[in-house]
Every structure is written in structure tokens, then in C-alpha cells.
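Below: one structure, written as C-alpha cells.
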Amino acid sequence: MSAASAPAELGARTDAAGRLLAAAEPLAALQLRCGGTLPGPIAIPDLAELVARAGAYRLRLARPIAAEDGHEAVRAWVEVVPEMDSAGAFAGCRLTLAHWQTAPLPAEDAEALVSRHAEIDRALAELTARLDARQCLLAVEAEGEDLAAALATMRGGIGRPWTDFVAIAGDIHRQPLHWRLLDGAELTLPGSARHWRARLFPHGLPGGEPAGFELCLTSDEAPPEGLPEVPTLSGERLVGRDLAPVLRQPIARIIANAETIRARMAGPLADEYAQYARDIAQAGEHLLSLVDDLADLEVIESEQFATAPDAIDLADVARRAAGILAVRARDRRISIAAPDQAARLPATAEFRRVLQILLNLVGNAIRYAPEGTRIAIELSHVGGEARITVADEGPGLRLEQAARVFDKFERLGRSGDGGSGLGLYISRRLARAMGGDLVVESTAGQGARFTLGVPAG
Amino acid sequence: MMTRPADPKPADSAESELRLALARDDAAVAGVGPVLRHLLVADEPALFSEEVVARVRAALTDLSGQLCHAVTVAHGLDAPLPPEDPAVARLVRALAEVPGMLAHVHALALEAQLAAALQARIGLDPVLSPLVQALVASDQQRTAADAMHFLAAQARLHRQIGTMHLPLGELPPELLHGALEALRETLGGAGGTLHPDFAACAEPAAEAIRARYDERASRAGLAARLVTGLGGGLIAALQLPHAGVALFASALSLACQQDRAGVVLAMQGGQHLRLALMLRAAGLRTAAVNENLAALDAPPAPDALGRLDAARAARLLAGA
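Protein chains in written order, with our numbering: chain V, 13 to 469; chain R, 45 to 364.
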């Protein structure tokens, strides 16, 4: 046991209802780790009892308390002074804590732990059922509004296996499975948006075949209250929200430093080292675009994804895309034929997303077309659709390649060229989200023509 | 025990009252046999020695006297209730009925008796044990101050118990609360007191006693604070010849999460297996357990104890 670096004595206050109003560290932290709030009801059992007792007796108490927060055992000396207001009514307690000591929790007895978890699951079960030896329903009880539908259907299906009434995650077997396989299974219930876990407690002599079961369904999620919770986009966006921002900066620094070396800005350098530096910079750029692609993928694959259509000029977007990629194209002696300055093609789409698609299409063309060839960006207006086509003079796609090229992570057998296999998949998803489409027509040996169509403006 | 068939229709209320009184007397008579047998042939007479019984009676009478005095003070008289006032005797009986009161008072009497025995046999001072000496001399100011406060309180209580006194402030808060409830009921009940005015004074008297009470200042409170502050050094207080009876009982109570009165009871002859289990539950090795048993002039613990770990010993105690 070790004395924490706590002050010699620390104070706290409670109100007449026994809620902790203020507490010095480390008591405040312990209150939070025990699941309480500040201010809020005391979440440390020993302390709550002591304060309640001091209030009930109106006596000054002084006791040691013990607590656990799941990681540490805490012991402390607590002095509780009940205080009266000017009218003589109990107003709350003043607490003084001393001798704050912490120690790692001893390992828990495995058997005791299992039986305690079983007790907890039983106590928290929101749906319980009695099953016979074949796991067929005998009786069902449930509480909670979102369980009413499931309860009604299960009660209508007494005598059938309980697994007929739930959807078990990842389950492909015929039901019912052996009970040990179903014990702890994740499942969903019709009519409930929550995720549930099944616990099966067998009846009968230990060691023998169970004569029946107690089924308990528990959920880690609270029952719905009032208005259903609005799902938020950010809740699911691990890459875009959490990873991409922290990855971009270090990767950008790797690229910048590699470029510095490659350009021999820090002094003379043998050619092969400059080459390595270029490889590093390219790998970094690949990593950066992969991060961007994954963040995009996450966004467009979420159910709430929507674009913000606007009145735009496709010719203008095409010229901008050509301008952005002009340097890269020149590196490979490829020319880009963009629509001339006078061309106009009004459309209804989101500018940023159309530009993203065009950069992907033109970028692919630059990457895969032979050096010294030409990329054409053509505009057309067909029916109610404004179209923009990117045509290259590369090897083109065979029929079966064209069928797969929009698949997620499809690389058509390529590797090591900086592609992620996500660009076209994302582009097509974006096009379709804007009410249009992205298609390819190609004959092997005659180049590929990718056409983006969006509603005309 | 005499048994009578229950009469479903008592003739009148006078008869039913008689029946009730008779049933109460039956219960008292029923207790005579076992108590007398225990006093005559028990292996360990110390639990109910005449000294212990006298101390228990004296403690209850003293508590009752303090409560009555608080009532007269609240009434404006600074004088004790006359001993012939029936309220005094009734209050002693009511105090004995407070749950846990007899066990506590009995434990204090046993503790005093044991401390005196250890002083005679191994020269262990009931107030200033080697551990208390060491703690008073601690270079940690907080520990030294806690130890000094405990030393003063222990010396005071030792003297008070020796002179058959027990201050209200030495009761645990649960028992003090029970005692104040007993006071209210006794004075408020029929035929309570020679001075009917006193009944109205029970509440202000209780309020005054509450205001004076502070568990922290009691001997048990100071001992608990001192041993809590020892942290890992608590193990030093689990050696009876080193810590002395008072600190040893408080430390063991804290370490094995058992009631202090229960620990004192386990230190008596005939209860040493329980003590050994408590020490084991507190994490002591068999050798250290046996050193404590030897100090109490008890035989070593059975070998089975060595095969129990602390957690199992604690479970055994909790289930016992």
C-alpha cells in the first residue's frame, strides 16, 4: 500500500440529500471513477453510508473507508461533521479526509467473478424467459417500451425456440445451437434499436444435461427515452475525425523533408540518395492520399451522407482540374486538352465533389497513359444530363476489367504505383449521391473514356 | 420451559395482561439453566467472570446516570436524578436492550481484563505499548500527533474503566443514537419519572449530547485513525506483544473488516481459532499468527490454517 501524493487533509461538502457538492482531489477523481458526477450523489459506497449515517444520527463520525474503482483499492480516514442551518434543520455534512492510501487491486477469484457477473446479468436483464431443455419458450417477461413488440411475438410463439424471435449477430447456423455457443451471443430484437446480449443459465444437476434454461437479455445501452436519439455522423467517423487530422501533419513533414533532401537543398548528395529521398516523398504522398481516401470512404459510406448540390459550370470545373494537374502531366510529357475559355455547361451538382471526381479521373489518366500522349476533357449535353468525359490514349480496359474497375480496393493487378484502389469507387459513389453516375467505355488498346453525368442545370 | 396451550379467546384484558407477564417470567426462568450451567462448568469462565459481569452492570449504570444528568441539566438543575427515581433503573434495562450495547460494553470489560492479565504475565503496559512509544517518537509530525492523542485517550479510558465508568462519548455513534432513543422512550413512557417535567427535557438533553459528541475524539476513533495512518505499517500493529491490546484490536478490526468488539471476543480463551482466522485474513503468515497466540498463552493454530490463503480465511469468517 502506498500513500498517494495527496495533501495531508482534504475537504469535501455534501448537501442535506447526501449529494457530494464539492470535493478536493483525489476524492473528486475517485467519485468520477466510481461512476458518479460532481455535484451528484456519492458513488463511493462506504462514504455514502457514512454520510447518510451522520445525517440520520446528527452525530460527528470518524471512520476509515475502503473503496475500489476497478483498478485500485483506496483506503482513507474520513471525518464527517453534520451541519445545521440557521433554522436548526440538517443542512449537509462537512467532510475531512486524511491518510489517503492506494494499492493495486488483488486479483479476483475467477469462480467468484463468474458468479458475480451472472448475478449482475440477472439483475440487469430487461427480458427474461424460461426455456425447456430444447431451448423452446415456456414463459417470457419483459419491461421497457422498445421490448413490447418482441414480448408480444414471443408470447405468441410459446413452444418455439427462442432463437426464432431474435437476430443473432454473425450467425449462419440452423437454430438452436448448443446453449454454450449462444451464451453471451450478441443479438438484435425486432422493435428495439438497441444491441442485446443473451445469457443462458442452465437448470438441473451440474454435470448432467440441462433440464431447462433461464434466458436473460441485457443491453449496455439505456432504454430510449422520449425523442429517439438523432444519429450523428461524427460518432462513426474514426478515420476522418480522429485519425486523418493527426496523421496528416507528420506525413506532410516526412514529405517536405524528403523533398528538401531530394532537391539537394541541404548540400551535395549522391544521385542514389536523392533517388531514395524521392521514393520517400512519393511513399509519403501515397500515404497522405490514402488517408484522404479512407476519410472520404468513411463519409460516403455512412448512411447520412448527402451532397450539397449547387448551380455550377462543368466547363469551369474541368479547366480547374486541368490546371491543377498540369505540372504532373508535364512531368510525363502528357498534354491535357481542357474545354476552352468560352465553353459553358451548366449543371446541378456540388462543385467540390465534381472537382474531386475529375482530379481522380485525370490523375489516373496521367498515371497510366504512356508518356507523350494526350488526355481530352470533353463536354456534352444529353437529355437532362450534363456530361463530362475524360479520354486517354492508354492501354484501355478489357471488358472484364471495365466491369470491376469501380469496385472497392480494385487495383486491376497493379501495385506500387501509389494507387489505393479507392479513387474510382469513391468517385462513382459521389456521382450517384449527386443524382448522376460515372461509367467507363473502353476497348483494349484504344484508351479509356470515363464519363461523369450529373443533372443539367 | 413451561408450555401452555394458546387460548384463542382471552377472557378479558386483565387476564391477557397476566398472561403476558407470565410469559415474560417464563422466558427468564428458561434462561436460568443454560446460564447457570455455563457459569458452573464452562471451560472459559473469563467471559462471564464476576468481575466482567460487575463491569458490564457498572458501565450501563454509569451511562444511564450520564443520560439522566443531561436531562436534569436541560431542566435547569445541575444535580443527578435521585437514585430512587424509577427512571434510572428503567433506563439501565432499556440501555441493555439497545442492539449491540451489551456486546460493546462486554467487550470493553473483557479488553480491560485481558490488558491486566497481559500486564501481569508479560509486562505489557495497557497504555504505553512499545508501538505507541515508537509512534509518539515518529519523525512524521502527523503520526506523532495522532499517537499522542491516542495515548491520552487510552490513558483516560483505562482509568475510567478501572473506576467503573464509561463516558457516553466512548460509545460508537450507532450505540449513542440507540441510547438517546432509549432515553426518550423511557422518560416519555408510562410511570417514567418522579418529575413529569423531565419527560419534556429528553429532547433538549439528547440535542446537547449530540452536539458534544465527536467519534474522532473517542479512544476507538483515535485508535482507528492511528492504525489507518500506518498504511503498510499496519502489520506492525498486528503483533499483540508489540502493539498492546487496544491498538492490536483496532488494527485487526481494520485489517480483516470485522467488528472491534468481535475481535476482542476472539482474543478470549476458547475463541482462538477465530482469532487465528482473523489474523490469517489480515494477511499474516502462520508463524506470526502463532506468535500472537503464544502471547495469549494459547496453543498454536491447527496446520489447516497454513493451507488457507487470506481471501479464503476472510470468506470463512464471513460465512461463520
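Glycine included, C-beta positions come from ideal geometry on N, C-alpha and C. Bear in mind the structure is a predicted one, so any value in this text is a computation, not a measurement.
Within the segment 46-94 of chain V, the runs of beta strand (DSSP E) that reach at least 3 residues and sit entirely inside it are, in chain order, 73-80. Taking all protein chains shown into account, V:Tyr285 has fewer than 16 neighbouring C-beta atoms within 10 Å of its C-beta and is therefore exposed. V:Asp144 is the residue among V:Gly406, V:Asp144, V:Glu84 and V:Glu412 whose C-alpha sits nearest the C-alpha of V:Trp191. Straight-line spacing of the CA atoms in R:Ala348 and R:Thr330 works out to 10 angstroms. Judged by DSSP secondary structure, V:Arg106 falls within the beta strand (DSSP E) whose first and last residues are Phe102 to Pro116.
Spatial neighbours of R:Val171 in its own chain (CB-CB distance under 6 angstroms, excluding positions within 5 residues in sequence) are listed in chain order as Gln198, Ala199 and His202.
For V:Ala398, the enclosing beta strand (DSSP E) has its first and last residue at Glu397 to Ala403. DSSP places V:Arg192 in the helix class (H, G or I) of the three-state scheme. As DSSP reads the structure, V:Arg276 sits in no beta bridge. Not one beta carbon of chain R lies nearer than 8 angstroms to the beta carbon of V:Arg128.
Contact of R:Arg269 with chain V is assigned, a C-beta pair being separated by under 8 angstroms. Proximity to V:Gly425 across V:Arg399, V:Gln458, V:Val394 and V:Tyr380 peaks at V:Tyr380, based on C-alpha coordinates. The Cβ atoms of R:Ala188 and R:Val176 do not sit closer than 8 angstroms to each other. Interface flag for V:Arg87 against chain R is set, since a Cβ pair is found closer than 8 angstroms.
In chain order, Phe102 and Ala103 place their CB closer than 7 angstroms to the CB of V:Met96, counting only its own chain and leaving out the 5 sequence neighbours on each side. Chain-ordered, the chain R residues with CB closer than 7 angstroms to the CB of V:Arg70 read Arg254. Between R:Leu62 and R:Cys112, the alpha-carbon positions lie close to 31 angstroms from each other. Think of a sphere of 7 angstroms around the beta carbon of V:Ala74: the chain R residues whose beta carbon falls inside it are Glu259, Arg260, Gly265 and Arg269, in chain order. Around the CB of V:Gly375, 16 or more other CB atoms lie within 10 Å, so the residue is classed as buried. Of all C-beta pairs linking the segment 171-181 of chain V to the segment 126-133 of chain V, fewer than three are shorter than 8 angstroms, placing the two stretches out of contact. The segment 364-378 of chain V and the segment 434-445 of chain V touch, with three or more beta-carbon pairs separated by less than 8 angstroms. With respect to the 8 angstroms criterion, R:Arg269 and V:Trp89 are classified as neighbours on the basis of their beta carbons. Distance check between V:Glu315 and each of V:Leu136, V:Ala445, V:Arg265 and V:Phe421 places V:Ala445 closest, using alpha-carbon atoms only. Looking only at R:Ala354, R:Val97 and R:Leu158, the smallest Cα-Cα distance to R:Ala325 is reached by R:Ala354. Residue ranges of uninterrupted beta strand (DSSP E) with 3 or more members are absent from the segment 215-287 of chain R; none lies entirely inside it. Counting C-beta atoms within 10 angstroms of its own C-beta, R:Val271 has 16 or more neighbours from the protein chains shown and is therefore classed as buried.
The three-state secondary structure of V:Pro173, taken from DSSP, is strand. Residues of the same chain with a CB within less than 6 angstroms of the CB of R:Ala153, apart from the 5 flanking positions on each side, are Val96, Arg99 and Val100 in chain order. Remark: C-beta atoms of R:Glu251 and R:Ala138 do not approach each other more closely than 8 angstroms. Looking at V:Gln458, V:Ser454 and V:Asp419, the one whose alpha-carbon comes closest to that of V:Glu405 is V:Gln458. Distance from the Cα of V:Gly396 is smallest, within the candidate group V:Pro358, V:Ala388 and V:Phe421, for V:Pro358. Per DSSP, the continuous beta strand (DSSP E) segment holding V:Val451 begins and ends at Asp449 to Ser454.
For the C-beta of V:Glu91, the chain R residues within less than 7 angstroms are, from N- to C-terminus, Arg260. Contacts with chain V (Cβ-Cβ distance below 9 angstroms) from the segment 288-313 of chain R involve Leu298 and Gln301, listed in chain order.
Flagged as an interface residue toward chain R: V:Arg65, by a C-beta distance shorter than 8 angstroms. Inclusion of V:Ala270 and V:Ala282 in the CB contact set at 8 angstroms is not warranted, their separation being larger than that value.
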